[in-house]
Amino acid sequence: MAIARTKNVGISDYKLRLVIDQIRGKMVSDAIPMLRYMTSPAAAEILKILNAATANAENNDLQSRADLKIVRITADKATWIRRFRPKARGR
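So the mapping is simple: the working numbering equals the position in the sequence shown, first residue as 1, plus 433.
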């Protein structure tokens, strides 16, 4: 079992889930070509994470790339960016 995580991607979780739902349950060898030919920026980010997880499985767990399957992949809500609004404070 290999794990790869990323934070602060800059793409909404809804757009990421549209791509994630298409590759969940597939073999890694089938999912990588699918992601390469998708035009969505979300697909490019997911491809980076999938390559990282694949490298973790090959190097840390000594598993073959041909045997890897995407069992669990998620995209959750990110933290809110608090923006500063300058305004007068009654002085």
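Even glycine gets a Cβ: it sits at the ideal position worked out from N, Cα and C.
DSSP puts residue i in a beta bridge; with which residues?
i    : result
K440 : Answer is none; K440 lacks a bridge partner.
M460 : K502
Using a Cβ-Cβ cutoff of less than 6 Å, which residues in the same chain neighbour residue i once the five nearest sequence positions on both sides are dropped?
i    : result
T512 : none
A490 : A435, Q496, L501
A486 : A435, A437
I506 : I453, R457
Indicate whether residue i and residue j have their beta-carbon atoms separated by less than 8 Å.
i    : j    : result
M471 : V452 : yes
I465 : L483 : yes
S462 : A508 : no
Within a Cβ cutoff of 8 Å, which residues of the same chain sit near residue i, ignoring the five residues on either side of it in sequence?
i    : result
K414 : This structure cannot speak to residue 414, because the chain is shown only from 434 to 524.
E478 : T439, V442, I444, L449
S473 : K448, L451, V452
Alpha carbon to alpha carbon, what distance is there between residue j and residue i?
i    : j    : result
M434 : R515 : 36 Å
S445 : Q455 : 17 Å
R518 : L480 : 37 Å
R576 : A521 : The structure shown does not extend to residue 576, since the chain is modelled only from 434 to 524, so the question has no answer here.
K510 : I436 : 19 Å
Taking all protein chains shown into account, do 16 or more other C-beta atoms lie within 10 angstroms of the C-beta of residue i, making it buried, or fewer, making it exposed?
i    : result
A488 : exposed
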